[in-house]
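Here the structure is laid out as structure tokens; the discussion comes afterwards.
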Amino acid sequence: APAAPPAPLGCDDPESEAAAEVAVSYINGHSHHGYKFALNRIDNIRVLPQGPNHEIIFLELDLLETTCPILSPTPLANCTVRSFTDHAVEGDCDVKLQKVNGQLSVLASKCHSHADSAEDILQLCPDCPLLASWNDTEVLATVTESLSAYNGKSTGAYLKLLEIGRAKIQYHPAHVVFVEFAVAATNCSAEAANVEACHLLPDDQSNFGFCTATKVIRPSQDLEVNCQLYGHQPGVTYSPPGQATS
Amino acid sequence: SVARRAVAEVAQHDKVARPVGFVPPPPPCPGKIRHFKI
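If you read the protein sequences in the order shown, they are chains X and H. The first sequence: position 54 = 54 (this note's numbering), numbered continuously. Take the position in the second sequence, starting the count at 1, then add 246; the result is the number in this note's numbering.
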């Protein structure tokens, strides 16, 4: 009698989790924007036997945004998943893998991300800041002012903006803009007069960095900027004179 | 309606076959939530 087909894989089976780990690693490795994503749940798995020691695996994954920028050298295992009240972003991914002689590899992946609804967050935390658009006027002004303040005080290379990763605005009880942005070192020093002539250094992880800034607009003006440069350079913290330190 | 009938059949079969103290296995998918559900 022919052997009975193997029982279908469950989403929490070790084989499924191994495939999901390979898939998440592939997704983060092939992304160049935003933050690293961590596995939240395996939504579905389908296995199509192709022959002896050869399977095609279709995975549906639910991922959550971490606090690690995609350019950060921090391993995913050490990255913190953003909390619900931090206006979490979810990623839904379909991944096609193959397993040949026990070796998993990704053939294709497709992801969509979306933020949690503002209403859900405000129900739980009425005063929590909410995600703002990257092209919001206050967001752009805060990023520009923060990077300028950092470069104005730094003795290292002149940093240029790569991308804004996140921005949140809070209106009550204070009006505060929170921004996070990726930066890259240029061939100029921070004291360069003609920054238009500054060019990004060749791609190398040590030339990238990440900044977070908080600008209080009301009741009083305040700006705090923290930048961390990756690679060989230690973390650098900057706050304008007379203002909050961190 | 196809889904509803399938569930009813499983439930009926389960009801007949279940011995005392039987705990049905967890559904194979989706898997467990590691952090929180959006």
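Glycine included, each C-beta is placed from N, C-alpha and C at the ideal position. Bear in mind that the values here come from a model prediction, so they are computed numbers and not experimental data.
query                                                                                                                                                                     : result
According to DSSP, is VAL291 (chain H) helix, strand or coil?                                                                                                             : In the structure displayed, chain H extends from 247 to 284; residue 291 (chain H) sits before or after that span and is not available.
When you compare the CB of ALA18 (chain X) with every CB in chain H, is at least one pair closer than 7 Å?                                                                : no
Which residues in chain H sit within 7 Å of ILE45 (chain X), going by Cβ to Cβ distance?                                                                                  : CYS275
Once the 5 residues before and after GLU163 (chain X) are set aside, which same chain residues still bring their CB inside 7 Å of it?                                     : HIS33, PHE181, ALA182
Hey, would you say ILE42 (chain X) sits closer than 7 Å to LEU48 (chain X), going by beta carbons?                                                                        : no
Quick one: what's GLN228 (chain X) bridged to in DSSP?                                                                                                                    : X:PHE210
Quick check on DSSP: helix, strand or coil for LYS215 (chain X)?                                                                                                          : strand
To the nearest angstrom, how far is the alpha carbon of CYS11 (chain X) from that of ILE45 (chain X)?                                                                     : 6 Å
Locate the beta strand (DSSP E) running through ALA311 (chain X), then write down its first and last residues.                                                            : Since the first residue of chain X shown is 1 and the last is 246, residue 311 (chain X) is not available in this structure.
Identify the continuous beta strand (DSSP E) that holds ALA7 (chain X) and give its terminal residues.                                                                    : Neither: ALA7 (chain X) is in no beta strand (DSSP E) and is coded neither H nor E.
Closest by CA to LEU59 (chain X), which one among X:ASN53, X:TYR35, X:PRO69, X:GLN98?                                                                                     : X:GLN98
By how many angstroms is the C-alpha of PRO69 (chain X) removed from the C-alpha of ARG82 (chain X)?                                                                      : 12 Å
Pair every Cβ in the stretch 110-127 of chain X with every Cβ in the stretch 189-208 of chain X, then say whether three or more of these pairs are closer than 8 Å.       : no
Grouping DSSP H, G and I as helix and E and B as strand, with all else coil, what is SER113 (chain X)?                                                                    : strand
Could you name the residues that DSSP lists as bridge partners for ILE42 (chain X)?                                                                                       : X:LEU61
Is GLN103 (chain X) helix, strand or coil by DSSP?                                                                                                                        : strand
Applying the criterion that 16 or more other CB atoms from any shown protein chain within 10 Å of the CB defines a buried residue, is ALA157 (chain X) buried or exposed? : buried
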